[in-house]
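The structure under discussion appears below in the form of structure tokens.
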Amino acid sequence: MIQPKKIAFGGFVVIGMFILLYLMTETHDEIQRAYYDLSPQQFLLLKMSLLGFLFGILIEWRALGDLIKGHVRISWLLLPAAILTVIIFTPSIYWPEWFGLRRLFVIEILGKPEIHMLLSVFSGVLFIRSICNNKHRSNP
């Protein structure tokens, strides 16, 4: 039997995902306008990364539910999740300047907005999985 709390939480997650997708669309439009206006884009790219990160967290809605219930267990995934999160939230224009990496293949990959967004979502998924207690996970 399906419990009303599970239905409500599932509805919250779906609504949250739609809201984040709407905000991503709006931010993408702002980024496109910024290209034409030649205005600074770093804040908008950071905002887009944050929205993708939050979307990734909502993808793991069961783990988020466990986290809200207080079932926390930090796993080894936290280290790669933290590294990827730092990479995602560091503006790509600073990588060549800070680390002297001009034409490195990895830097060029991270500069592509589509790949950057995929990594932002993956970073959110990895982060929430790294702090979730799998022992308390309920069966579907």
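The number in the numbering used here is simply the position in the sequence shown, starting from 1, with 81 added. Glycine included, C-beta positions come from ideal geometry on N, C-alpha and C.
Through-space distance from residue j to residue i, alpha-carbon basis
i: V206; j: E111; result: 26 Å
i: T108; j: P172; result: 16 Å
i: L127; j: F170; result: 6 Å
i: R154; j: P161; result: 16 Å
i: P85; j: C213; result: 23 Å
i: M198; j: M129; result: 8 Å
i: I83; j: F93; result: 16 Å
i: A89; j: P194; result: 34 Å
i: G97; j: A144; result: 15 Å
Rounded Cβ spacing between residue i and residue j (contact assumed at less than 8 Å)
i: R210; j: L158; result: 6 Å
i: L104; j: L125; result: 12 Å between Cβ atoms; not a contact.
i: L148; j: S204; result: Not quite, the Cβ-Cβ distance comes to about 16 Å (not below 8 Å), so this is no contact.
Proximity of residue i and residue j at Cβ, strictly below 9 Å
i: F136; j: S201; result: yes
i: W142; j: G192; result: no
i: A163; j: F134; result: no
Neighbour flag for residue i against chain D, beta carbons, 9 Å
i: F208; result: Absent from the structure is chain D; it holds one protein chain and no more.
Residue i: first and last residue of the uninterrupted alpha helix (DSSP H) it sits in
i: I212; result: No alpha helix (DSSP H) contains I212, which DSSP labels as neither H nor E.
i: G192; result: Neither: G192 is in no alpha helix (DSSP H) and is coded neither H nor E.
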